[in-house]
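For reference, the structure discussed in these notes is given below.
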Amino acid sequence: MASQNKLDDKRLYIGNLDSAIDEYTVVKLFEPFGKITQLDYLFHKSGPKRGQPRGYCFLEYSKKEEALRAMTAMHSKVIKNRSMIVTFAYSAPDSYDGKNDYKKRSSPSMLLNRPTTISLLKSHKMVNASTDAKIQALERKLAQMNQQKSSSDLSSNSSSQQPITIKSSSPSFSSRSIDKDDRQRFKPYETYRIKK
1 MASQNKLDDK
11 RLYIGNLDSA
21 IDEYTVVKLF
31 EPFGKITQLD
41 YLFHKSGPKR
51 GQPRGYCFLE
61 YSKKEEALRA
71 MTAMHSKVIK
81 NRSMIVTFAY
91 SAPDSYDGKN
101 DYKKRSSPSM
111 LLNRPTTISL
121 LKSHKMVNAS
131 TDAKIQALER
141 KLAQMNQQKS
151 SSDLSSNSSS
161 QQPITIKSSS
171 PSFSSRSIDK
181 DDRQRFKPYE
191 TYRIKK
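Have a look at this one:
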(Lines of atoms letter the chains of each structure in order from A; the text may use other names.)
(Lines give C-alpha, C1' and ligand atoms only; values in the text may rest on other atoms or scores of the structure.)
Protein backbone atom coordinates (compact mmCIF):
# COMPACT_ATOMS: atom_id res chain seq x y z
CA MET A 1 0.00 0.00 0.00
CA ALA A 2 1.33 3.42 -0.92
CA SER A 3 1.02 6.10 1.72
CA GLN A 4 0.84 9.07 -0.68
CA ASN A 5 -0.91 9.95 -3.91
CA LYS A 6 1.43 9.81 -6.89
CA LEU A 7 1.75 12.73 -9.27
CA ASP A 8 0.98 11.56 -12.80
CA ASP A 9 3.10 13.73 -15.09
CA LYS A 10 1.29 12.75 -18.31
CA ARG A 11 -2.25 13.12 -16.97
CA LEU A 12 -3.88 16.53 -16.46
CA TYR A 13 -6.80 17.61 -14.32
CA ILE A 14 -8.92 20.22 -16.12
CA GLY A 15 -11.38 21.97 -13.82
CA ASN A 16 -13.84 24.87 -13.58
CA LEU A 17 -15.39 23.98 -16.94
CA ASP A 18 -18.69 25.48 -18.01
CA SER A 19 -21.53 23.00 -18.48
CA ALA A 20 -21.70 23.94 -22.19
CA ILE A 21 -18.18 22.58 -22.80
CA ASP A 22 -18.30 18.99 -24.01
CA GLU A 23 -15.68 16.32 -24.77
CA TYR A 24 -15.20 17.48 -28.35
CA THR A 25 -14.42 21.04 -27.23
CA VAL A 26 -11.87 19.81 -24.68
CA VAL A 27 -10.15 17.66 -27.32
CA LYS A 28 -10.04 20.56 -29.81
CA LEU A 29 -8.61 22.91 -27.15
CA PHE A 30 -5.87 20.52 -26.04
CA GLU A 31 -4.86 18.58 -29.17
CA PRO A 32 -2.46 21.28 -30.51
CA PHE A 33 -0.09 20.47 -27.62
CA GLY A 34 0.41 16.79 -28.44
CA LYS A 35 -1.16 13.36 -28.90
CA ILE A 36 -4.05 12.75 -26.51
CA THR A 37 -4.17 9.12 -25.40
CA GLN A 38 -7.16 9.26 -23.03
CA LEU A 39 -9.97 11.61 -21.97
CA ASP A 40 -12.13 10.98 -18.91
CA TYR A 41 -15.06 13.39 -18.99
CA LEU A 42 -17.22 13.00 -15.89
CA PHE A 43 -20.99 13.33 -15.58
CA HIS A 44 -23.36 13.30 -12.60
CA LYS A 45 -24.67 9.75 -12.15
CA SER A 46 -27.64 10.49 -9.91
CA GLY A 47 -29.66 13.28 -8.38
CA PRO A 48 -31.22 16.35 -9.98
CA LYS A 49 -28.16 16.97 -12.18
CA ARG A 50 -28.08 13.42 -13.56
CA GLY A 51 -26.51 13.34 -17.02
CA GLN A 52 -25.04 16.85 -16.75
CA PRO A 53 -21.26 17.43 -16.78
CA ARG A 54 -19.49 17.66 -13.42
CA GLY A 55 -17.34 20.59 -14.57
CA TYR A 56 -14.02 18.78 -14.68
CA CYS A 57 -12.24 16.07 -16.64
CA PHE A 58 -8.94 14.21 -16.92
CA LEU A 59 -6.80 14.24 -20.04
CA GLU A 60 -3.73 12.11 -20.71
CA TYR A 61 -0.94 12.81 -23.20
CA SER A 62 1.57 10.37 -24.66
CA LYS A 63 4.56 12.36 -23.30
CA LYS A 64 5.09 14.38 -20.13
CA GLU A 65 6.57 17.31 -22.12
CA GLU A 66 3.29 17.67 -24.02
CA ALA A 67 1.35 17.65 -20.76
CA LEU A 68 3.62 20.32 -19.28
CA ARG A 69 3.27 22.49 -22.39
CA ALA A 70 -0.53 22.17 -22.29
CA MET A 71 -0.65 22.97 -18.58
CA THR A 72 1.47 26.12 -18.85
CA ALA A 73 -0.45 27.38 -21.89
CA MET A 74 -4.00 26.58 -20.79
CA HIS A 75 -3.95 27.22 -17.01
CA SER A 76 -6.09 30.29 -16.15
CA LYS A 77 -7.28 30.64 -19.75
CA VAL A 78 -10.81 32.05 -19.84
CA ILE A 79 -13.31 29.85 -21.68
CA LYS A 80 -17.04 30.76 -21.58
CA ASN A 81 -16.37 33.44 -18.91
CA ARG A 82 -14.66 30.92 -16.61
CA SER A 83 -10.98 30.68 -15.80
CA MET A 84 -9.90 27.11 -16.52
CA ILE A 85 -7.79 25.26 -13.94
CA VAL A 86 -5.22 22.91 -15.43
CA THR A 87 -2.91 20.94 -13.12
CA PHE A 88 -1.22 17.57 -13.02
CA ALA A 89 -3.57 14.82 -11.89
CA TYR A 90 -2.94 12.74 -8.80
CA SER A 91 -3.66 9.04 -8.79
CA ALA A 92 -6.23 7.82 -6.32
CA PRO A 93 -4.85 6.28 -3.12
CA ASP A 94 -4.45 2.50 -3.16
CA SER A 95 -6.98 2.09 -0.35
CA TYR A 96 -9.70 3.85 -2.35
CA ASP A 97 -12.08 1.30 -3.84
CA GLY A 98 -14.64 3.67 -5.42
CA LYS A 99 -17.30 3.13 -2.75
CA ASN A 100 -18.37 5.55 -0.04
CA ASP A 101 -16.01 4.04 2.52
CA TYR A 102 -14.57 7.26 3.92
CA LYS A 103 -12.44 5.53 6.57
CA LYS A 104 -10.26 3.95 3.91
CA ARG A 105 -9.61 7.18 2.03
CA SER A 106 -6.41 9.16 2.36
CA SER A 107 -5.90 11.23 5.48
CA PRO A 108 -5.54 15.04 5.37
CA SER A 109 -1.86 14.70 6.26
CA MET A 110 -1.28 13.08 2.86
CA LEU A 111 -2.66 16.12 1.10
CA LEU A 112 -0.25 18.54 2.78
CA ASN A 113 2.68 17.52 0.59
CA ARG A 114 0.85 18.21 -2.68
CA PRO A 115 2.41 21.06 -4.66
CA THR A 116 0.11 23.74 -6.05
CA THR A 117 -0.03 24.71 -9.71
CA ILE A 118 1.47 28.11 -9.00
CA SER A 119 4.41 26.61 -7.13
CA LEU A 120 4.99 24.13 -9.97
CA LEU A 121 4.95 26.90 -12.57
CA LYS A 122 7.23 29.18 -10.54
CA SER A 123 9.69 26.41 -9.76
CA HIS A 124 9.78 25.46 -13.43
CA LYS A 125 10.85 29.01 -14.38
CA MET A 126 13.69 29.25 -11.83
CA VAL A 127 14.77 25.61 -11.86
CA ASN A 128 18.20 26.44 -13.30
CA ALA A 129 18.73 29.62 -11.27
CA SER A 130 21.25 29.54 -8.46
CA THR A 131 20.27 30.10 -4.84
CA ASP A 132 22.05 33.46 -4.87
CA ALA A 133 20.03 34.60 -7.90
CA LYS A 134 16.80 33.65 -6.16
CA ILE A 135 17.82 35.55 -3.01
CA GLN A 136 18.76 38.61 -5.07
CA ALA A 137 15.39 38.50 -6.83
CA LEU A 138 13.61 38.43 -3.47
CA GLU A 139 15.73 41.30 -2.12
CA ARG A 140 14.97 43.42 -5.20
CA LYS A 141 11.26 42.80 -4.75
CA LEU A 142 11.42 43.76 -1.05
CA ALA A 143 13.35 46.95 -1.85
CA GLN A 144 10.79 47.85 -4.50
CA MET A 145 7.93 47.28 -2.06
CA ASN A 146 9.64 49.44 0.61
CA GLN A 147 10.15 52.23 -1.93
CA GLN A 148 6.51 52.17 -2.92
CA LYS A 149 5.44 52.23 0.74
CA SER A 150 7.73 55.16 1.62
CA SER A 151 6.62 57.18 -1.43
CA SER A 152 2.96 56.62 -0.58
CA ASP A 153 3.64 57.65 3.06
CA LEU A 154 5.30 60.88 1.90
CA SER A 155 2.44 61.79 -0.40
CA SER A 156 -0.17 61.14 2.29
CA ASN A 157 1.81 63.17 4.89
CA SER A 158 2.26 66.16 2.59
CA SER A 159 -1.43 66.31 1.80
CA SER A 160 -2.45 66.01 5.47
CA GLN A 161 -0.11 68.83 6.63
CA GLN A 162 -1.65 71.50 4.42
CA PRO A 163 -4.04 73.71 6.42
CA ILE A 164 -7.60 73.96 5.25
CA THR A 165 -9.04 77.48 5.32
CA ILE A 166 -12.66 78.30 4.81
CA LYS A 167 -13.54 81.83 3.86
CA SER A 168 -17.04 83.09 4.26
CA SER A 169 -18.34 86.24 2.61
CA SER A 170 -21.42 86.51 4.83
CA PRO A 171 -21.16 88.02 8.33
CA SER A 172 -21.36 85.49 11.13
CA PHE A 173 -24.24 85.48 13.57
CA SER A 174 -21.89 85.01 16.54
CA SER A 175 -20.97 88.70 16.46
CA ARG A 176 -24.59 89.80 16.56
CA SER A 177 -27.18 89.65 19.26
CA ILE A 178 -30.89 89.07 18.75
CA ASP A 179 -33.60 90.88 20.72
CA LYS A 180 -35.25 88.95 23.56
CA ASP A 181 -38.59 89.06 21.77
CA ASP A 182 -37.18 87.26 18.77
CA ARG A 183 -35.53 84.37 20.66
CA GLN A 184 -38.63 82.22 20.94
CA ARG A 185 -38.77 80.65 17.53
CA PHE A 186 -37.01 81.14 14.25
CA LYS A 187 -39.33 82.40 11.55
CA PRO A 188 -37.52 82.35 8.22
CA TYR A 189 -39.82 84.70 6.32
CA GLU A 190 -40.04 87.40 8.97
CA THR A 191 -37.46 90.08 9.44
CA TYR A 192 -35.43 90.21 12.61
CA ARG A 193 -34.05 93.21 14.34
CA ILE A 194 -30.38 92.75 14.86
CA LYS A 195 -28.42 94.86 17.33
CA LYS A 196 -24.87 95.74 16.57
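The sequence shown begins at 1 in the UniProt record's numbering and counts up one residue at a time. Note that beta-carbon positions come from the ideal geometry of N, C-alpha and C, so glycine has one too.
Report task. Going by DSSP, name the residue or residues bridged to D40. Result -> For D40, which the question treats as bridged, DSSP gives the partners F58.
Query - L12 - containing beta strand (DSSP E), residue span - result: Unbroken beta strand (DSSP E) run through L12: L7 to G15.
**Report entry** Burial state of F43 (16 or more Cβ within 10 Å)
**Finding:** So F43 ends up on the exposed side.
Query raised in the report: Quick one: what's F88 bridged to in DSSP?
Result: In DSSP, F88 forms a bridge with L12.
Query raised in the report: When the Cα atoms are used, what is the spatial distance from I14 to R82?
Result: When the Cα atoms are used, I14 and R82 turn out to be separated by approximately 12 Å.
**Report entry** Assigned secondary structure, S151 (DSSP; H/G/I helix, E/B strand, else coil)
**Finding:** S151: helix per DSSP, three-state reduction.
Requested in this report: Check S175 in the structure and name its three-state DSSP category.
Outcome: Low per-residue confidence applies at S175: pLDDT is 46, beneath 50, and the placement is therefore not dependable, though the value from the model is reported in the following sentence. Shown here, S175 sits in a helix according to DSSP, grouped into three states.
Query raised in the report: Should L29 and M74 be called a contact, given that it needs their Cβ atoms to be closer than 9 Å?
Result: Between L29 and M74, the gap from beta carbon to beta carbon is short of 9 Å.
**Report entry** Cutoff 6 Å; reference F33; Cβ partners in own chain excluding five residues on either side
**Finding:** The beta carbon of F33 lies closer than 6 Å to those of E66, R69 and A70 in the same chain, with the five residues before and after it left out.
Query raised in the report: What did DSSP end up calling I21 once you bin it into helix, strand or coil?
Result: In the structure shown, I21 sits in coil (DSSP, three-state: anything other than H, G, I, E or B).
Requested in this report: Pick helix, strand or coil for P48, following the three-state DSSP scheme.
Outcome: In the structure shown, P48 adopts coil according to DSSP, grouped into three states.
Query raised in the report: Does the Cβ-Cβ distance between L59 and I36 come in under 9 Å?
Result: With respect to I36, L59 sits close: the two C-beta atoms are nearer than 9 Å.
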